[in-house]
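Participant:
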Amino acid sequence: MKTKTQTKTQTKTRILKLFAIFTLLVSSNHLIAQTLPSSTPTQTVCANSTEPYEIPSTAQNASSAFQWTLSGGGTIQTGQGTNYITIDWGVSGGPYTLEVIESNGGCTSTLVTLDITIVDAPTATAGSNGDLCVGDIYLLSGTATNQASVLWTTTGDGTFTNASSLNPNYDPGPNDELSGTVDLTLTSTGSATSGSACATSSSMLTLTIHQVPTATAGSNDNVCAGSNYILSGTS
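The numbering used here puts the first residue of the sequence shown at 29, with every later residue one more than the last.
#1: So for asparagine 248, helix, strand or coil by DSSP?
#2: Nearest-angstrom Cα distance between leucine 167 and valine 140?
#3: Assuming alanine 90 contacts serine 120 (C-beta within less than 8 Å), just tell me the rounded distance between them.
#4: Looking only at C-alpha atoms, which of Val240, Ala227, Tyr124 sits nearest to glycine 100?
#5: Is the Cβ-Cβ distance between threonine 151 and serine 177 less than 8 Å?
#6: Kindly identify the DSSP beta-bridge partner or partners of glutamine 71.
#7: Between the beta-carbon of threonine 187 and the beta-carbon of threonine 209, is there less than 8 Å?
#8: Where do the N-terminal and C-terminal ends of the alpha helix (DSSP H) with asparagine 203 fall, by residue?
#9: Just to confirm, are glycine 122 and isoleucine 113 a CB contact at a threshold of 8 Å?
#10: Isoleucine 104 lies in the beta strand (DSSP E); which residues open and close that run?
#11: Please classify alanine 152: does DSSP put it in a helix, a strand, or coil?
#12: Check whether the stretch 159 to 175 and the stretch 243 to 250 are in contact - that is, three or more C-beta pairs closer than 8 Å.
#13: Taking 8 Å as the CB-CB limit, is alanine 93 close to chain D?
#14: Using CA coordinates, which residue listed in Asn174, Thr173, Thr136, Ser192 is at the minimum distance from threonine 182?
#15: Check each candidate in Gly184, Tyr257, Thr215, Ser156 and name the one with the smallest Cα separation from serine 173.
#16: Does the distance from the CB of glutamine 95 to the CB of isoleucine 144 come in under 8 Å?
#17: Give the single residue among Asp199, Leu194, Gln175 whose Cα lies nearest to the Cα of aspartate 185.
#18: CB-CB under 6 Å to threonine 153, same chain, minus the five flanking residues each way: which ones, in chain order?
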């Protein structure tokens, strides 16, 4: 027969194990077990993304049930009741709160929370296709939203005055002028800091480079008064 002291000691041991398992921090979009308590962790993810969250499976929690609660936005898509769920973040703003409680054999863990902020994905618009003549430079008019940085790139050999700005000048290179066309791409990179950061957004335009027209009237000549003269110009 167990004594009150034995029962109390076993109960305390189990509670401590549960507390150790469910004190969490954020790493690469997952809730990772941590043995020491800390301030409530936070996470930043992209709107319209689907993110996984889990409590690592161990021998101690293999038969446990997990109750996840999400307040303020997003939808738990799969895994409710298990140690692994996915959330569809079709919202922006925040922070929103994700909570989880484990139950096992009549025991319940301490409530664990995770604050999550949603950022909008970046966008990029390179602008309309353009035309210019050999020897000219072209002023670009790109736009972007929700970006941490932007970058222009070229399929040719021309140069940008500042490839990291939205509105640089592009000076076509010799191969650009020879081929007659060149594609320029504007890429916008978002500012999310989670392990699955917002994907980049890209937009492309095509420049058509026209050769400068030439004209030759022909050589100087003499003609008699009253006579006709046939010109032989070329272009």
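Glycine included, each C-beta is placed from N, C-alpha and C at the ideal position.
Computed from a prediction, not measured in an experiment: that's the story for all the values here.
Facilitator: Taking the geometry as given:
#1: coil
#2: 53 Å
#3: Actually they are not in contact, since the Cβ atoms of alanine 90 and serine 120 sit about 37 Å apart, beyond 8 Å.
#4: Tyr124
#5: no
#6: Ile144
#7: no
#8: 202 to 207
#9: no
#10: 103 to 106
#11: strand
#12: no
#13: Chain labels in this structure do not include chain D; a single protein chain is all it has.
#14: Ser192
#15: The sequence given here has threonine at residue 173, not serine. Per the Cα distances, Thr215.
#16: no
#17: Asp199
#18: Thr171, Ser231
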